[in-house]
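Below you'll find the structure, written out as structure tokens, and then a few comments.
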Amino acid sequence: MRSAGGQGAGTRPGGAHGAPWQPDRRQLLRWGAGAAGALAVGGALWGVDRALEEEKPPLREALWTYPVVDSDGIGRCAHPVTHADGVLYVRSEENAVLHALDAASGRRRWRVRLSGSTAGEPAVTERAVYTASDDGAVHALRRADGGRLWRVRPGGRLRKALPSTVWTSGSVVLVSITPWSHEDESDPAPPELHALDAADGRTLWHTEATLLSVRDGLAYVNPPDLGLVALDVRTGTPRWTAPVRNSLDRRTLDLSGAGLLFGRTDPDDTAVTELVAYDARTGEVRWTAPTTYWSLPALGGDTLYVIGPGETRDDARRLHAYDAASGRRRWTVEALATSPGEEILLSAGTEGVRLLLSADGGLDDDQTTVRAHAARDGRELWSTERTDSSYSLVTTPGNRLMVGYLFDWYAYDSRTGKPRWRVNTGEESAAEAPVAAGGRLFCANDMGVTAVRD
46 MRSAGGQGAG
56 TRPGGAHGAP
66 WQPDRRQLLR
76 WGAGAAGALA
86 VGGALWGVDR
96 ALEEEKPPLR
106 EALWTYPVVD
116 SDGIGRCAHP
126 VTHADGVLYV
136 RSEENAVLHA
146 LDAASGRRRW
156 RVRLSGSTAG
166 EPAVTERAVY
176 TASDDGAVHA
186 LRRADGGRLW
196 RVRPGGRLRK
206 ALPSTVWTSG
216 SVVLVSITPW
226 SHEDESDPAP
236 PELHALDAAD
246 GRTLWHTEAT
256 LLSVRDGLAY
266 VNPPDLGLVA
276 LDVRTGTPRW
286 TAPVRNSLDR
296 RTLDLSGAGL
306 LFGRTDPDDT
316 AVTELVAYDA
326 RTGEVRWTAP
336 TTYWSLPALG
346 GDTLYVIGPG
356 ETRDDARRLH
366 AYDAASGRRR
376 WTVEALATSP
386 GEEILLSAGT
396 EGVRLLLSAD
406 GGLDDDQTTV
416 RAHAARDGRE
426 LWSTERTDSS
436 YSLVTTPGNR
446 LMVGYLFDWY
456 AYDSRTGKPR
466 WRVNTGEESA
476 AEAPVAAGGR
486 LFCANDMGVT
496 AVRD
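Numbering (the working numbering), first residue to last: 46 to 499.
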């Protein structure tokens with residue numbers, strides 16, 4: 046979800062900085078769904094019978110739906126979608142079209158064809174909508190009717206660029222433009238960060254760097270040496286630097302809160318990965334915690350959660366809880382047992398943390414486990430299992446935990462783990478977790494957007 050950016054904060058999709066990472070399994074799930082029909086009839090019927098026997102929660106009635114399909118009926122909706130002040134911005138993966146919808150009714154306010162073939166997630170301010178397309182162009186559109194304010198190609202006519210997420214901070218628009226490169230290309234062109242004047246698109250400054258986050262007038266970037274640098278968004282002047290220790294080291298940012306930035310350092314000569322907390326204004330390292338880092342961290346209240354390995358190769362993974370301010374480890378408990386390649390996702394709140402593991406058991410035998418642990422001591426609060434693939438979870442207002450399955454979004458009571466209701470996605474798989482705003486949930490997948498009451 047995106048909210049309108051002010052002078053003090055940068056804005057980007059996801060609303061909060063450092064939204065939880067979610068593995069992209071859309072193509073895998075599509076393949077699995079398509080392959081089912083080509084396998085033995087007996088096995089397919091067995092899977093159908095088992096699905097019919099499952100006691101599912103009631104369907105939540107849609108308030109409205111907005112399809113995004115091509116002339117052949119193929120879904121072209123890009124997700125996640127972006128919400129700002131009662132308007133939902135939806136992108137089409139065909140011909141780089143941006144739709145602005147009334148979030149209450151689903152009625153289209155305007156529709157604009159951009160240059161290129163695809164567009165990145167937009168940034169929304171009080172006056173304008175900013176987005177970048179894969180031909181290297183940055184577009185400024187009038188928020189009221191989608192009329193063009195300006196369009197520039199700050200990196201010149203690159204042969205082709207990855208569609209980038211745009212950030213805004215006050216009167217500055219920031220975008221990283223990454224040229225396409227072949228996998229076997231030995232010296233690919235580096236990403237370029239451009240800072241543009243929001244009023245007319247003129248370039249204020251540019252540098253070779255990857256934009257990680259924007260916060261309180263500072264742009265946090267990875268330069269080519271993969272250190273961490275905070276730049277003044279208006280001038281590009283470095284405010285502080287966290288250098289790397291050697292040429293193969295890398296510093297990243299994952300999320301922020303309470304004036305701190307939380308990231309990691311990946312040394313090249315050890316299996317240990319550090320968790321690092323920086324002062325957002327000065328770059329001072331407040332604390333570090335060495336741990337093998339098998340998930341992105343999640344911040345809930347004053348606690349930072351992360352998944353690490355067990356004591357031996359065959360042990361279940363461990364869930365660690367750290368005091369976010371001091372880095373003191375509060376507790377460690379056994380998490381979930383995984384197989385190679387399987388990831389545990391985290392979603393945290395003030396009362397605790399939820400873990401999700403989708404284990405691949407072959408056709409019709411995927412098993413998803415969702416488990417909740419208390420913030421105070423790590424004790425297990427509840428656990429639930431479902432025979433289905435899953436790949437996203439998010440906590441929404443009203444003690445809802447939304448889990449995206451192959452063809453459904455489930456709403457669980459985050460306090461008890463009881464499924465309350467579900468949203469069916471039709472013939473396409475669910476995608477990222479829904480966007481929550483204004484008492485509604487906006488559920489997007491390839492076919493379009495469905496709005497339901499939260």
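Beta carbons: idealized from backbone N, C-alpha and C, even for Gly.
is_contact[residue i, chain D] using C-beta, thresh 9 Å
{"i": "TYR175", "result": "Among the protein chains of the structure shown there is no chain D, as only one such chain exists."}
Proximity to residue i [Cα-Cα], best of the options
{"i": "TRP339", "options": "TRP376, ALA370, TYR323, ALA382", "result": "ALA382"}
{"i": "ASN444", "options": "ILE352, GLU396, ALA334", "result": "GLU396"}
{"i": "GLU425", "options": "ILE222, ARG431, ALA417", "result": "ALA417"}
{"i": "GLY372", "options": "THR282, GLU329, LEU349", "result": "LEU349"}
{"i": "LEU207", "options": "PRO235, THR213, GLY192", "result": "PRO235"}
{"i": "ARG172", "options": "TRP250, ASP245, PRO269, PHE487", "result": "ASP245"}
{"i": "LEU364", "options": "ASN490, LEU400, ALA129", "result": "LEU400"}
{"i": "LEU451", "options": "GLU477, LEU298, GLY462", "result": "GLU477"}
{"i": "LEU306", "options": "ARG331, THR318, VAL289, ASP294", "result": "ARG331"}
{"i": "ASP499", "options": "ALA482, ASP179, THR327, GLY493", "result": "ALA482"}
{"i": "THR286", "options": "SER162, ALA325, ASP422, ALA489", "result": "ALA325"}
{"i": "ASP277", "options": "ASP147, THR176, ARG467, ALA264", "result": "ALA264"}
{"i": "VAL266", "options": "TRP212, ASP179, ALA380", "result": "TRP212"}
Environment of residue i [buried if 16+ CB atoms lie within 10 Å]
{"i": "ALA420", "result": "buried"}
{"i": "ASN291", "result": "exposed"}
{"i": "SER209", "result": "buried"}
{"i": "ARG485", "result": "buried"}
{"i": "ARG70", "result": "Below a pLDDT of 50, predicted positions are generally treated as unreliable, and ARG70, at 39, falls in that range; the measurement from the model is reported next regardless. The residue in question, ARG70, is buried, as its Cβ has 16 or more Cβ neighbours within 10 Å."}
{"i": "PRO112", "result": "exposed"}
{"i": "ARG156", "result": "exposed"}
{"i": "LEU104", "result": "exposed"}
{"i": "ALA303", "result": "exposed"}
{"i": "ARG431", "result": "buried"}
{"i": "ILE352", "result": "buried"}
{"i": "ARG136", "result": "buried"}
Bridge-paired residues (DSSP) for residue i
{"i": "GLY307", "result": "Checking the sequence shown, residue 307 turns out to be Phe, not Gly. DSSP, once it has assigned bridges, lists LEU300, ALA322 as partnering PHE307."}
{"i": "THR255", "result": "ASN267"}
{"i": "ASP458", "result": "ARG445"}
{"i": "SER209", "result": "DSSP lists no partner for SER209."}
{"i": "ILE222", "result": "GLU237"}
{"i": "THR413", "result": "SER403, ARG431"}
{"i": "ALA129", "result": "VAL132"}
{"i": "ALA482", "result": "ARG485"}
Range of the contiguous beta strand (DSSP E) that encloses residue i
{"i": "THR440", "result": "435-441"}
{"i": "ASN490", "result": "485-490"}
{"i": "ILE352", "result": "348-353"}
{"i": "SER392", "result": "389-394"}
{"i": "ALA244", "result": "Premise fails: ALA244 is in no beta strand (DSSP E) and is neither H nor E."}
{"i": "SER371", "result": "Where SER371 is concerned, there is no enclosing beta strand (DSSP E), given that its DSSP letter is neither H nor E."}
{"i": "VAL183", "result": "183-187"}
{"i": "ARG331", "result": "330-336"}
{"i": "ASP277", "result": "273-277"}
{"i": "ASN291", "result": "Looking at the DSSP string, ASN291 is not in any beta strand (DSSP E), and its letter there is neither H nor E."}
{"i": "GLY386", "result": "From DSSP, GLY386 is part of no beta strand (DSSP E); its letter is neither H nor E."}
Closer than 8 Å: residue i CB and nearest the ligand GTP heavy atom
{"i": "LEU207", "result": "This structure simply doesn't include the ligand GTP, nor any ligand for that matter."}
Query raised in the report: Which whole runs of the beta strand (DSSP E) in the region 131-179 are 3 residues long or more, in chain order?
Result: 132-137, 142-147, 153-158, 173-177
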